[in-house]
Amino acid sequence: MTGTDDGTKAGTRGPARASGPRVPAPWVRTRLRAAPAAALALALLVALTAALAAAFPRAVDRYEDAGLRRTLDDASPRRTTVQFFAPRPDLELSLGEGENALREAALRKGYDAVLAAVDRPLVADRAQSSYGVRTSDPTDASDSFLARPSGLPPRVALVAQNALGAHSRPASGRLPRATDVTATTSEVEAAVTTETARTLHIKVGSVIHVPGLERAPLAVRITGIVAPREPDGAYWMSTPLIREPSLIQLPSDGGTYWIGALLLAPDAGPVLLGTPGKPERYWQVAPDTSGPTAHDVSGLASAVAALESGPGLARIRERVDPLTDATTDLDEVLSSFTELRSGIAPLVAVAAFGAGTVAAVVVLMASGLAAERRRGELALVRARGGSLPGVLGRLLAETAVVAVPAGALGLGAALLAVPHARLSSAVAAALAVTVLACVALPVRAAFAHRAVRVHGGREDIASVRPSRRRTVAELTVLVLATAAVAALRRGGTDDAGSSGGSGDQLVALAPVLVGVIAALVLVRLYPFPLRRLAGPAGRLRGVVAPLSLARAGRTSASTALPLLALLTALTTAAFGGSVLAGVHTARDHAALLATGADARIEATHALPTALPGRIRDTRGVREAVPVSVAYRAQARRGSGTAGETAALVGVEPGPYGQLSRELDLGGFPARTLRPTGPGGGSSGSGSGSGSGKAVVPAIASPSLADRFGTAPFSVQLEDDSKVTVRIAAVRDVTPAVTDLDFLVVDREALTRRAARPTALLLTGGHLDGAALRRAAGGGVDVRLRAEVRTAYVHSPLQSGAERIYTAAVAAGAGYAVLALLLALVRAAPERSALLARLRTMGLTRAQGRRLLVLESLPQALLAAVGGALTGWAAIRLLAPGLDLTAIAVAGRPAPGGTARLRTDALSLLVPSLAVLVVATGVALAQAWWTGRRGSVRELRAGDGR
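Plus 236 on top of the position in the sequence shown (first one is 1) and you've got this note's numbering.
Okay, here's the thing in structure tokens:
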């Protein structure tokens, strides 16, 4: 029988086969269908991480932009406006040409030239910018109806400013008019603001006479009283005199007089040539404060510098007047913002690098979990001829299909959540996360499957020894961490923030690098004590303790990543928590030094006798300590020596000493101020003679103690009474006085007049400021410690940085918990199989739970203790170079000196305890879940290796 090679009969046909090449199943689609849960988890992780990464720079931009706007708004328009001025036209010009130069048309032409010289990003607010002509030297107005507070005549400036009608509304009368006004015109019309009219007693129809220059006095008839439409706008506040008059006090005899402004018609400028007031042309450019962003600050500073003394001013001089000059404080305002941002940015960068490092580690751990789950599959593909580039390309494709849309989704969510900020930095951050998620799995697989093998050996710490490459890498990281810590201790964050460049990033990475070094060291060292403990544990009854120690000592060699994530997160959390606690402590201490107690009531004169009783009866007040403070007392040794100004504080030793001890502000026992020798002091409160013969013990500030020593010296008070004091104790601070040299004495040693209290220091909880002010009445200053503390949080740079710091620390903690969960999930199949085998040998469920808890506890305990110690070490190492003053008080005047970083116990212990709780909880949950599934199912699943 004739047949074919495959055994079929000749002449018969087998099953029909499709012609043409075979089409393999698509790799990416097959893999996504095979593991949809893993793909969804990766997408969620990438989307969340990309959203946080993209939102961070936009949030920083938002609060920095808000801080810049607040800085510009807080600065008065007089400081932010760029003012250009030129003297009266050249005397060589004819009188008619000089008059034409002061008319509105010529001034408008110069105004257009000034605006053309303004370079972006500086943009002029045309609605608030102005120009005109004014007398730079106000002249006397001798009319009798004008206000004269001390008999001196007021002085007035003549101002012809554009668009008066557009920026004011008539309160009475009408706006001034000008028709063919020249330097010889005898009478012009003017208006005044409501404040000027009320203060100087001006009415509609009043005629004010201004001295003339080689001519009769100029009569200025008031035709209207106007109310500014935007009294705080730059149009009025660039030159505040045009809105309200100013009271001037003569330094010689103390006499006072008013200076006000008369607002002429915009085209009445030529009349100023006939007055001795030195007329000048001016152009005031108000910046648009709504448009600039913090990213534009350097450009703004350059544009302002160009207008003050650069190419911009040169163009203006060429087109307007060669003698044109410019002045503004806008550059100082921008500089103050830059200094504040430079002090805050390095602290925020520390939190950002810490949270970013933990997030990157979690992404790498997720890729490691995927690589471990597919180890057998990829090894089989390589054994059957799959090339390494081909396998890596397919892994990259299947990861990119999931990660790229997830990254785009995260970016979109960040753009919606944090609008109105720069796009480029957010896109770069989201792209970095997406690229990391795409390449992590292929790179991990490339290292694991370089050589073709089906079964690998054990990869626990007991069998895998550190390679030379790993040793070199660890030493490199050690060098970088040491350099960063040394740079920060030497220069501090202030120098780092001003220098810029890679040095700033290295300094910001210092806490992270400290955590990295600790993780690498602990991964190498911690198995050894566990193996030491395994021997004694083996002699105990039961199998749980020795087995758990043996397994913990032979943990996977890939423990470095989870431990690195935990240590970095704990270090960052401890560091960030200590920063926030240090900021709050610095504000509390500065507010305490500024008030001297929970509240302070003070006057420039003696307080009413009944006031202390009324204050003590106010709700919330626990104690009111009266003190008398003479701020300009003169301390000198001998009549011929120069005196040194000091604040002499008269106190009741008992209550004041107790207050000082409670507040930790230079506390002392009452006997320190009691006279010890015969004849010292006086016998009644405020009954001293003031002759200065009796020697009174005093508590002094360090500088006074250094100068006068312990020998007696005389102190002359503001009422010319004298007291002789001897320094009995030295204190750095005292509640009654801040930032001044002081002497604290018993009130009984002072005269009755000098001993009368001028201040009350209040203690108590939940003080009511309104009630205290009602009880105190008028003429006194009431300051609450809580209100002073709130005032220190003024700039959005501070509050925004604190929120960003808190969010970064919270995100790092969340990723650390996720890293712990990933580490436990990775070991879950092996642990489940182990429990199943042990249960077949008689292990109870309770013993299984204890086994899993004890096995996971050493690593969690290591991370907790190591994280606390690493955080403490990082704070101790980096604290000398960190200055928290900028973020604490935002450059405002605050006593207490520099705010330094200090260790916060809660920030060290709470995150570490949270790690232990989470690790124990996950182990218990895994044991419970494994018990529900049953041993047979786990054993049927096969060896998890």
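Where a beta carbon is used, it is the ideal one built from N, C-alpha and C, also for glycine.
Here the structure is a predicted model, which means the values were calculated and not measured.
Exercise. Between the segment 810-821 and the segment 962-981, are three or more C-beta pairs nearer than 8 Å?
Worked result: Output reads no: the segment 962-981 does not touch the segment 810-821.
Exercise. Whose C-alpha, out of T563, P447, G505, E554, is nearest the C-alpha of T511?
Worked result: Per the Cα distances, P447.
Exercise. In the segment 544-609, which residue ranges form an unbroken alpha helix (DSSP H) of at least 4 residues, counting only runs that do not cross its ends?
Worked result: Taking only runs of at least 4 residues, the alpha helix (DSSP H) segments lying wholly in the segment 544-609 are 547-555, 566-609.
Exercise. Enumerated in chain order, which unbroken segments of the alpha helix (DSSP H) with a length of 4 residues or greater are wholly contained in the segment 429-462?
Worked result: With a minimum length of 4 residues, the continuous alpha helix (DSSP H) runs that stay inside the segment 429-462 are 430-436.
Exercise. Would a C-beta distance cut-off of 8 Å place R1021 and L828 closer than the cut-off?
Worked result: Yes, Cβ-Cβ distance for R1021 and L828 is below 8 Å.
Exercise. At what residues does the beta strand (DSSP E) containing G886 begin and finish?
Worked result: In this chain, the beta strand (DSSP E) harbouring G886 covers 880-887.
Exercise. With burial defined as no fewer than 16 other Cβ atoms inside 10 Å of the residue's Cβ, what is the status of V1053: buried or exposed?
Worked result: With 16 or more other Cβ atoms within 10 Å, it is buried.
Exercise. Tell me, which residues are paired with G368 by DSSP?
Worked result: According to DSSP, which records beta bridges pairwise, G368 is partnered with Q397, Y518.
Problem set entry | Nearest-angstrom Cα separation, counted from R897 out to T432 | If you draw a straight line from the Cα of T432 to the Cα of R897, it comes to about 53 Å.
Exercise. By Cβ distance below 6 Å, which residues in the same chain neighbour R1112 in space, the five residues on each side in sequence not counted?
Worked result: Exclusion of the five residues before and after R1112 leaves no residue of its chain whose Cβ lies closer than 6 Å to its Cβ.
Problem set entry | Contacting residues, own chain, Cβ-Cβ under 8 Å from L605 (five flanking each side not counted) | Taken in chain order, the residues that qualify are L1058, V1061, R1062.
Exercise. When we look at the beta-carbon of V1153 and count the other beta-carbons within 10 Å, is it buried (16 or more) or exposed?
Worked result: With fewer than 16 Cβ atoms within 10 Å of its Cβ, V1153 is classed as exposed.
Exercise. What does DSSP give as the partner residues of E634 in its beta bridges?
Worked result: In the DSSP secondary-structure assignment, E634 is not bridged to any residue.
Exercise. Is the beta carbon of T881 less than 8 Å from the beta carbon of R873?
Worked result: No, Cβ-Cβ distance for T881 and R873 is not below 8 Å.
For this session: Check F904 in the structure and name its three-state DSSP category.
Result: Note: F904 maps to coil in three-state DSSP.
Exercise. Taking the alpha-carbon positions, what's the V961 to S386 distance?
Worked result: Each residue's CA atom was taken as its position, placing V961 and S386 some 42 Å apart.
For this session: Give me whichever residues DSSP pairs with F949 in a beta bridge.
Result: V961, per the DSSP bridge assignment.
Exercise. Got a sec, what are the start and stop residues for the beta strand (DSSP E) F320 sits in?
Worked result: Segment 318-323, the beta strand (DSSP E) holding F320.
Exercise. Of the choices A1159, L1137, A985, whose alpha-carbon is the least far from that of P1065?
Worked result: The shortest C-alpha separation from P1065 is found at A1159.
Problem set entry | Neighbourhood of V861 by C-beta distance below 6 Å, restricted to the same chain and skipping five residues each side | The answer, listed in chain order, is P891, Y892, L895, L997.
For this session: Give the straight-line distance between the Cα atoms of V195 and L388, rounded to the nearest whole angstrom.
Result: Nothing about residue 195 can be reported from this structure: the residues present for the chain run from 237 to 1181 only.
For this session: Let me know if W472 comes out buried or exposed under the rule of 16 or more other beta-carbons within 10 Å of its beta-carbon.
Result: By the C-beta density criterion, W472 is buried, having at least 16 other C-beta atoms within 10 angstroms.
For this session: From the DSSP output, read off the bridge partner residues of F978.
Result: In the DSSP output, where bridge partners are listed per residue, F978 has A883.
Problem set entry | Paired residues, beta bridge with Y493 - DSSP | I484.
For this session: To the nearest angstrom, report how far apart L331 and T459 are at their CA atoms.
Result: Cα to Cα, the separation comes out at about 28 Å.
Problem set entry | Rounded separation between G621 and E613 - CA only | Cα-Cα distance, rounded: 13 Å.
Problem set entry | Residues near P678 in its chain [Cβ-Cβ closer than 6 Å; skip 5 each side] | Excluding positions up to five away in sequence, the list reads L628, L631, L632.
Exercise. Expressed to the nearest angstrom, what Euclidean distance is found between the alpha-carbon atoms of A1163 and E1091?
Worked result: The straight-line gap from Cα to Cα measures roughly 12 Å.
Exercise. For L1209, which of R362, R410, V350, A833 has the nearest alpha-carbon?
Worked result: Shown here, the chain extends from 237 to 1181; a query on residue 1209 therefore has no answer.
For this session: Please report how far the alpha carbon of E1023 lies from the alpha carbon of S957, in whole angstroms.
Result: Rounded to the nearest angstrom, the two C-alpha atoms are 36 Å apart.
Problem set entry | Sequence-distant residues of the same chain with beta carbon closer than 7 Å to L645, five excluded per side | A283, listed in sequence order.
Exercise. What three-state label does DSSP hand A377 in the structure shown?
Worked result: Three-state result, A377: coil.
For this session: With DSSP as the reference, label R868 as helix, strand or coil.
Result: Secondary structure at R868: strand, using DSSP grouped into helix, strand and coil.
Exercise. Taking all protein chains shown into account, do 16 or more other C-beta atoms lie within 10 angstroms of the C-beta of A1161, making it buried, or fewer, making it exposed?
Worked result: With fewer than 16 other Cβ atoms within 10 Å, it is exposed.
Exercise. Exposed or buried, which one is V959 when buried takes at least 16 other CB atoms within 10 Å?
Worked result: V959 is buried by the Cβ-count criterion.
Exercise. How is the alpha helix (DSSP H) around T999 delimited, first residue to last?
Worked result: Note, T999: premise wrong, no alpha helix (DSSP H); beta strand (DSSP E) at 995-999.
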